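Asks: In the numbering used here, the protein residues as written are 108 to 298. Where is the CB? At the ideal position from N, CA and C, for every residue including glycine. These numbers come from a predicted model, not from an experiment.
This is how it looks when you write it as structure tokens:
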């Protein structure tokens, strides 16, 4: 029986190999610590191929840091479970692919690179704020910003800084405790 799935072209496979190498290196070293030569070496290709397929490091970074948080519709959830649901969702996104997602790439780089910082602000504006707007009403900007402080703080300490006490915390404790803080912001907006 023959496989009916279309086969990827050599150029598609090369593009994927470059992108995967870039994701790994950007996640480990950040934007400024990663060079086109590093990416080419990790992908086992000539650096000119990186330029050929992506035009340069900035475009490659934008592709590597392409993030879709797939946020749930919070308005469909019971009112008192929204905070925990958000934390559980974010932990799933961060831990779902072994930490090699675009989130650590953007977070690690955002403090020192304006392109990465702008990417995170864009994700906040196009994904987080609209999700919070469905439940927070007129206080949306403040509530979304406070939710971001909790989620990004958790992500930074657990996945980038790897602070031992935070890394050691069981997932359900994080869901409960950080979820409680987020729930407080949501509840405060609805009063």
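#1: In chain order, which alpha helix (DSSP H) runs of at least 4 residues are fully inside the stretch 177-253?
#2: Cα separation between residue 361 and residue 223?
#3: Going by Cα to Cα distance, which pick from 251, 137 and 168 is closest to residue 216?
#4: Does the separation of the CB atoms of residue 254 and residue 265 fall below 8 Å?
#5: From residue 262 to residue 247, what does the alpha carbon distance come to, in whole angstroms?
#6: Are the beta-carbon atoms of residue 286 and residue 191 separated by less than 8 Å?
#7: How long is the line joining the alpha carbons of residue 116 and residue 127, rounded to whole angstroms?
#8: In three-state terms, what does DSSP make of residue 287?
#9: Please classify residue 260: does DSSP put it in a helix, a strand, or coil?
#10: With DSSP as the reference, label residue 72 as helix, strand or coil.
#11: Between residue 171 and residue 133, how many whole angstroms is the CB-CB distance? I'm expecting something under 8 Å.
#12: With a cut-off of 8 Å, do at least 3 Cβ pairs link the stretch 279-296 to the stretch 180-199?
#13: In whole angstroms, what separates the C-alpha of residue 179 from that of residue 196?
#14: Reducing DSSP to helix, strand and coil, say where residue 293 ends up.
#15: Is any non-hydrogen atom of the ligand ATP found closer than 7 Å to the C-beta of residue 135, if you look at the structure I gave you?
#16: Which class does residue 270 belong to by DSSP, given the choice of helix, strand or coil?
Replies: Reading off the structure:
#1: 189-202, 209-217, 221-230 and 236-243
#2: No answer is possible for residue 361: the residues shown for the chain start at 108 and end at 298.
#3: 137
#4: Not a contact, by the Cβ cut-off of 8 Å.
#5: 22 Å
#6: yes
#7: 17 Å
#8: helix
#9: Judged by DSSP in its simplified three-state form, residue 260 adopts helix.
#10: This structure leaves residue 72 out entirely; the chain is present only between 108 and 298.
#11: 5 Å
#12: yes
#13: 8 Å
#14: In the three-state reduction of the DSSP assignment, residue 293 falls in the helix class, which pools H, G and I.
#15: Ligands in the displayed structure: none, and consequently the ligand ATP is not present.
#16: coil
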